[in-house]
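Down below is the structure, laid out as structure tokens.
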Amino acid sequence: MLGEKIDRRRRELKLSQKQLADRSGLSPQYVNMLIHNQRGQRIGIDAAYRLAKALRVSQKFFSSESSYADSMSRKAAR
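The sequence shown begins at 4 in my numbering and counts up one residue at a time.
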């Protein structure tokens with residue numbers, strides 16, 4: 004799930020949730036909600052961009068592999 008991916012990467016970088024919030028410009032409460040999947044799999048584009056930058060990953064990190072693959076398949080079919 005998305006929250007697990009965010010939390011795993013945060014731990015790899017040895018960041019606290021507060022540090023991740025500070026680096027991303029998001030509130031600590033919002034970061035906590037994402038990590039604990041209280042927002043489901045939904046994340047806004049702006050929040051994804053900010054988190055990607057803070058976590059040093061691409062925005063593709065926030066896409067599930069299956070939905071990313073589906074998206075690529077649709078583009079290739081055009």
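Each residue gets a CB set at the ideal place from its N, CA and C atoms; glycine is no exception.
All of these numbers come straight from a predicted model, not from anything done at the bench.
Identity of the residue in the options nearest residue i by Cα
{"i": "Lys21", "options": "Gly6, Asn35, Gln62, Arg53", "result": "Asn35"}
Under the three-state DSSP convention, the category residue i falls into
{"i": "Met36", "result": "helix"}
{"i": "Ser27", "result": "helix"}
{"i": "Leu58", "result": "helix"}
{"i": "Gly6", "result": "helix"}
{"i": "Arg14", "result": "helix"}
{"i": "Gln20", "result": "helix"}
{"i": "Ile3", "result": "Not covered by the structure: residue 3. The range shown for the chain is 4 to 81."}
Distance, residue j Cα to residue i Cα
{"i": "Leu29", "j": "Arg13", "result": "14 Å"}
{"i": "Ile48", "j": "Val60", "result": "14 Å"}
{"i": "Leu18", "j": "Arg45", "result": "22 Å"}
{"i": "Leu23", "j": "Tyr52", "result": "13 Å"}
{"i": "Met4", "j": "Gln62", "result": "15 Å"}
{"i": "Phe65", "j": "Leu37", "result": "11 Å"}
{"i": "Lys8", "j": "Gln32", "result": "17 Å"}
{"i": "Asp25", "j": "Gly6", "result": "18 Å"}
{"i": "Asp10", "j": "Leu58", "result": "10 Å"}
Residue burial classification, residue i (beta-carbon count within 10 angstroms, cutoff 16)
{"i": "Ser27", "result": "buried"}
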